[in-house]
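Asks: Quick note, the sequence shown lines up with residues 445 to 618 if you use my numbering. Shown below is the structure under consideration.
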Amino acid sequence: MNSATAPDSAQMPDVVELTSGPQPDPFVEALSLLASELSGIAARIQELERAHLERMETAAAKLREQIAVDLKNQHRVELQSGIQVIREEYEQQLRLATAQWEAERQSLSQDLARHRNSSKLSQEVEQTEATLETLQETIQTMLDNPTVDLSRVMQEKARQQQLQAYLKGLKFDV
Numbered sequence: 445m446n447s448a449t450a451p452d453s454a455q456m457p458d459v460v461e462l463t464s465g466p467q468p469d470p471f472v473e474a475l476s477l478l479a480s481e482l483s484g485i486a487a488r489i490q491e492l493e494r495a496h497l498e499r500m501e502t503a504a505a506k507l508r509e510q511i512a513v514d515l516k517n518q519h520r521v522e523l524q525s526g527i528q529v530i531r532e533e534y535e536q537q538l539r540l541a542t543a544q545w546e547a548e549r550q551s552l553s554q555d556l557a558r559h560r561n562s563s564k565l566s567q568e569v570e571q572t573e574a575t576l577e578t579l580q581e582t583i584q585t586m587l588d589n590p591t592v593d594l595s596r597v598m599q600e601k602a603r604q605q606q607l608q609a610y611l612k613g614l615k616f617d618v
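And the structure:
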């Protein structure tokens, strides 16, 4: 009996096998779970990259801003230093020019004092003024006389202008 039932059992499927149906692949569920985890990990990596990029951009902006402020401060200090150097040079040149001007003023004051006391200069001024008055009378007489050539009047006028310029120079020297 044993032998008779043995061939039948090889052909007959197990009752458990018939009721449970085909066995699912054990890797499908694990693969699905793994794919889900990998998607989550990829999303977190992207989020971390985005957050890192934002922090880097913020840090770069702050760094640029700080560099700009530092450069402005550095340029301001350099400008102030340059202004100070130029101011000192200008003040030195001003002191030098003032000293030269004062020396020249003293020299001219001494010359003026010396010339004021000069009687020769005063006599020359008086003589030139007298000559100018005489010349003016002569020119007026010539203008009243129609027989006198105009060229002669012009020559006397030119002489009068020369004497006036000479007199101005004498008076300036006085």
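Glycine included, C-beta positions come from ideal geometry on N, C-alpha and C. All of these numbers come straight from a predicted model, not from anything done at the bench.
In terms of residues, what are the limits of the alpha helix (DSSP H) holding Gln467?
Replies: For the purposes of this step, residue 467 is taken as residue 23 along the sequence shown, with counting starting at 1. Where Gln467 is concerned, there is no enclosing alpha helix (DSSP H), given that its DSSP letter is neither H nor E.
Asks: Excluding the five sequence neighbours on either side, which residues of its own chain have a C-beta within less than 6 Å of the C-beta of Leu579, listed in chain order?
Replies: Residue numbering aside, residue 579 sits at position 135 when the sequence shown is read from its first letter. Cβ neighbours of Leu579 beyond the five flanking positions: Gln604.
Asks: Do Ile583 and Glu600 count as a contact pair if the criterion is CB distance below 7 Å?
Replies: By 1-based counting over the sequence shown, the position of residue 600 is 156. By 1-based counting over the sequence shown, the position of residue 583 is 139. Against a cut-off of 7 Å, the Cβ pair of Ile583 and Glu600 comes out as a contact.
Asks: Could you round the C-beta distance between Leu614 and Thr575 to whole angstroms and report it? I think they count as a contact, below 8 Å.
Replies: To locate residue 614, count along the sequence shown from 1; it is residue 170. To locate residue 575, count along the sequence shown from 1; it is residue 131. Not quite, the Cβ-Cβ distance comes to about 12 Å (not below 8 Å), so this is no contact.
Asks: Between Val592 and Met598, how many whole angstroms is the CB-CB distance? I'm expecting something under 8 Å.
Replies: For the purposes of this step, residue 592 is taken as residue 148 along the sequence shown, with counting starting at 1. For the purposes of this step, residue 598 is taken as residue 154 along the sequence shown, with counting starting at 1. Actually they are not in contact, since the Cβ atoms of Val592 and Met598 sit about 11 Å apart, beyond 8 Å.
Asks: Put Ala609 into one of helix, strand or coil per three-state DSSP.
Replies: In the sequence shown, the residue the question calls residue 609 occupies position 165. Helix.
Asks: Check Asn446 in the structure and name its three-state DSSP category.
Replies: As a first step, residue 446 must be located in the sequence shown, where it is residue number 2. Low local confidence applies: a pLDDT of 49 at Asn446 is under 50, so the model's placement there is unreliable, with the coordinate-based value given in what follows. Here Asn446 sits in helix by DSSP.
Asks: Just the Cα atoms here: how many angstroms apart are Asn446 and Ile485?
Replies: Your numbering for residue 446 matches position 2 in the sequence shown. Your numbering for residue 485 matches position 41 in the sequence shown. Residue placement at Asn446 is poorly supported in this model, since its pLDDT is 49, which falls under 50; the coordinates still yield a value, given next. Computed Cα separation, rounded: 59 Å.
Asks: For the alpha helix (DSSP H) that Val569 lies in, which residues bound it at each end?
Replies: Here the question's residue 569 lines up with position 125 in the sequence shown. Counting along the chain, the alpha helix (DSSP H) containing Val569 begins and ends at 563 to 588.
Asks: Just to confirm my understanding: we take Arg596, look at its own chain, exclude 5 residues before and 5 after, and list those with CB closer than 8 Å. What are they?
Replies: Translated into positions along the sequence shown, residue 596 becomes position 152. Counting only Cβ-Cβ distances below 8 Å, and skipping sequence neighbours, we find Met586.
Asks: Do Leu611 and Thr572 have their C-beta atoms closer together than 7 Å?
Replies: Walking along the sequence shown from the start, residue 611 turns up at place 167. Walking along the sequence shown from the start, residue 572 turns up at place 128. Taking the C-beta atoms as reference points, Thr572 is found nearer than 7 Å to Leu611.
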